[in-house]
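**Q** Chains A and B are the protein sequences, given in the same order.
Under our numbering, think of the first position of the first sequence as 192, with each following residue one higher.
Under our numbering, think of the first position of the second sequence as 3, with each following residue one higher.
Glycine included, each C-beta is placed from N, C-alpha and C at the ideal position.
Pasting in a structure now, in structure tokens, and then I'll have a few things to ask.
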Amino acid sequence: AQSVTQLGSHVSVSEGALVLLRCNYSSSVPPYLFWYVQYPNQGLQLLLKYTSAATLVKGINGFEAEFKKSETSFHLTKPSAHMSDAAEYFCAVSSSGGSEKLVFGKGTKLTVNP
Amino acid sequence: KAGVTQTPRYLIKTRGQQVTLSCSPISGHRSVSWYQQTPGQGLQFLFEYFSETQRNKGNFPGRFSGRQFSNSRSEMNVSTLELGDSALYLCASSLTGGNQPQHFGDGTRLSIL
Numbered sequence: 192a193q194s195v196t197q198l199g200s201h202v203s204v205s206e207g208a209l210v211l212l213r214c215n216y217s218s219s220v221p222p223y224l225f226w227y228v229q230y231p232n233q234g235l236q237l238l239l240k241y242t243s244a245a246t247l248v249k250g251i252n253g254f255e256a257e258f259k260k261s262e263t264s265f266h267l268t269k270p271s272a273h274m275s276d277a278a279e280y281f282c283a284v285s286s287s288g289g290s291e292k293l294v295f296g297k298g299t300k301l302t303v304n305p
Numbered sequence: 003k004a005g006v007t008q009t010p011r012y013l014i015k016t017r018g019q020q021v022t023l024s025c026s027p028i029s030g031h032r033s034v035s036w037y038q039q040t041p042g043q044g045l046q047f048l049f050e051y052f053s054e055t056q057r058n059k060g061n062f063p064g065r066f067s068g069r070q071f072s073n074s075r076s077e078m079n080v081s082t083l084e085l086g087d088s089a090l091y092l093c094a095s096s097l098t099g100g101n102q103p104q105h106f107g108d109g110t111r112l113s114i115l
């Protein structure tokens with residue numbers, strides 16, 4: 192069975208500081224990995240996806256994530272936080288076996304302080 | 003291109019009632035998935051439809067059902083509502099499923115009194 196663990200339900204950074212949101216996955220088959228962002232009262236917006244083409248994945252809004260198979264990790268980073276980055280972030284995994292089901296982590300709420 | 007549209011945005015029901023939620027996918031998308039989001043359980047997969055057939059199902063009781071129409075629009079029905087069904091219900095669409103990125107609507111907030 193697949194699972195996702197996001198370390199830290201709340202992360203707080205200063206504007207301009209590095210953002211690092213942690214995600215570890217468990218999958219018995221090669222995974223597809225995704226990061227989504229959710230703003231208040233909205234649905235989820237796709238930030239980026241890993242589909243085995245490249246281990247470093249660049250997404251929207253300056254975010255990127257690196258797939259590390261040996262660590263079963265897919266951490267999300269952004270060099271310089273902006274106030275508009277304040278939101279909840281979800282890491283998700285699906286199997287490469289054709290499952291359309293996404294398994295989500297519990298989410299990390301990012302606060303950006305001025 | 004219009005995004006995924008979910009109606010209604012907010013709904014208030016009482017225990018024992020039933021409810022139907024609607025989802026219109028992005029034009030051309032044939033796969034529609036439904037998720038339940040609650041503070042305690044997070045985001046949980048309900049089911050996925052493709053070409054009017056349920057292709058995948060999560061671990062929810064039979065009170066939760068859905069269907070998909072020939073135009074790919076989907077509805078989700080919950081019967082005999084319980085207090086624990088209060089949640090944000092999210093619909094997501096993709097071209098054909100199969101690990102393609104899913105595009106989410108803004109959800110329907112269901113409150114059970």
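Give me the subset of the stretch 221-239 of chain A whose CB atoms are less than 8 angstroms from a CB atom of chain B, sorted by chain position.
**A** Answer set for the stretch 221-239 of chain A: Y223, F225, Y227, N232, Q233, G234, L235, Q236 and L237.
**Q** Are S72(B) and H31(B) touching if we call contact CB-CB under 9 angstroms?
**A** Sequence index remark: in the second sequence, residue 72(B) carries index 70 (1-based). Sequence index remark: in the second sequence, residue 31(B) carries index 29 (1-based). Cβ distance not < 9 angstroms, so S72(B) and H31(B) don't count as in contact.
**Q** Could you run through the stretch 236-268 of chain A and flag, in chain order, every residue whose CB is less than 9 angstroms away from some CB of chain B?
**A** Correct list: Q236, L237, K240 and T242.
**Q** For the stretch 82-99 of chain B against the stretch 19-39 of chain B, do three or more pairs of beta-carbon atoms, one drawn from each stretch, fall closer than 8 angstroms, so that the two count as touching?
**A** Yes, since at least three Cβ pairs between the stretch 82-99 of chain B and the stretch 19-39 of chain B fall closer than 8 angstroms, the two stretches touch.
**Q** Just checking my contact of K249(A) with E257(A) at CB under 8 angstroms: how many whole Å lie between their CB atoms?
**A** Indexing the first sequence from 1 puts residue 249(A) at position 58. Indexing the first sequence from 1 puts residue 257(A) at position 66. Not really, about 10 angstroms apart at Cβ, beyond 8 angstroms.
**Q** At least one CB of chain B closer than 9 angstroms to the CB of G298(A): is that the case?
**A** On the first sequence, position 107 is the one that residue 298(A) refers to. Chain B, which has a Cβ nearer than 9 angstroms to the Cβ of G298(A), makes this yes.
**Q** Report the start-end ranges of each beta strand (DSSP E) in the stretch 244-277 of chain A that is 3 residues or longer and not cut off at the edges.
**A** If we require 3 residues or more, the beta strand (DSSP E) runs fully inside the stretch 244-277 of chain A come out as 247-249, 255-259 and 264-269.
**Q** Specify the secondary structure class of L85(B) as computed by DSSP and reduced to three states.
**A** For this step, residue 85(B) is matched to residue 83 along the second sequence. Three-state result, L85(B): helix.
**Q** Under 9 angstroms Cβ-Cβ, which residues of chain A neighbour P103(B)?
**A** Sequence index remark: in the second sequence, residue 103(B) carries index 101 (1-based). What P103(B) touches in chain A: F225, L237 and K240.
**Q** Leaving out the 5 sequence neighbours to the left and right, which residues in its chain are closer than 7 angstroms to T236(A) when beta-carbon positions are compared?
**A** Translated into positions along the first sequence, residue 236(A) becomes position 45. The residue asked about is misnamed: residue 236(A) is Gln in this sequence, not Thr. Around Q236(A): Y227 and V228.
**Q** Could you check where the beta strand (DSSP E) with I28(B) kicks off and where it finishes?
**A** Walking along the second sequence from the start, residue 28(B) turns up at place 26. Unbroken run through I28(B): none, as it is neither H nor E.
**Q** Got a sec: is the Cβ-Cβ distance from S116(B) to anything in chain A below 9 angstroms?
**A** Past the boundaries of the shown model lies residue 116(B); chain B is included only from 3 to 115, so the question cannot be answered.
**Q** Taking C-beta pairs closer than 8 angstroms, name the residues in chain B that S217(A) reaches, listed in chain order.
**A** Translated into the one-based positions of the first sequence, residue 217(A) becomes position 26. Neighbours of S217(A) on chain B: none; closest Cβ ~16 angstroms, over 8 angstroms.
**Q** With a threshold of 9 angstroms between beta carbons, is E283(A) in contact with chain B?
**A** The sequence position of residue 283(A) within the first sequence is 92, counting from 1. As written in the sequence, residue 283(A) is Ala, which differs from the Glu given in the question. For A283(A), the answer is yes, since a Cβ of chain B falls inside 9 angstroms of its Cβ.
**Q** Taking the Cβ atom as the reference point for each residue, do A272(A) and V204(A) lie within a distance shorter than 9 angstroms?
**A** By 1-based counting over the first sequence, the position of residue 272(A) is 81. By 1-based counting over the first sequence, the position of residue 204(A) is 13. Yes.
**Q** Around the Cβ of Y230(A), are there at least 16 other Cβ atoms within 10 angstroms (buried) or fewer (exposed)?
**A** Here residue 230(A) refers to the residue found at position 39 when the first sequence is read from its first residue. With fewer than 16 other Cβ atoms within 10 Å, it is exposed.
**Q** Expressed to the nearest angstrom, what Euclidean distance is found between the alpha-carbon atoms of E84(B) and K300(A)?
**A** The count along the second sequence starts at 1 and reaches residue 84(B) at position 82. The count along the first sequence starts at 1 and reaches residue 300(A) at position 109. Their backbone Cα atoms lie some 28 angstroms apart in a straight line.
**Q** At the level of alpha carbons, what is the spacing between K260(A) and R17(B)?
**A** Translated into the one-based positions of the first sequence, residue 260(A) becomes position 69. Translated into the one-based positions of the second sequence, residue 17(B) becomes position 15. Using only the alpha carbons, I get a separation of about 46 angstroms.
**Q** Classify V210(A) as buried or exposed, calling it buried when 16 or more other Cβ atoms lie within 10 Å of its own Cβ.
**A** Counting from 1 along the first sequence, the entry for residue 210(A) is found at position 19. Result: buried.
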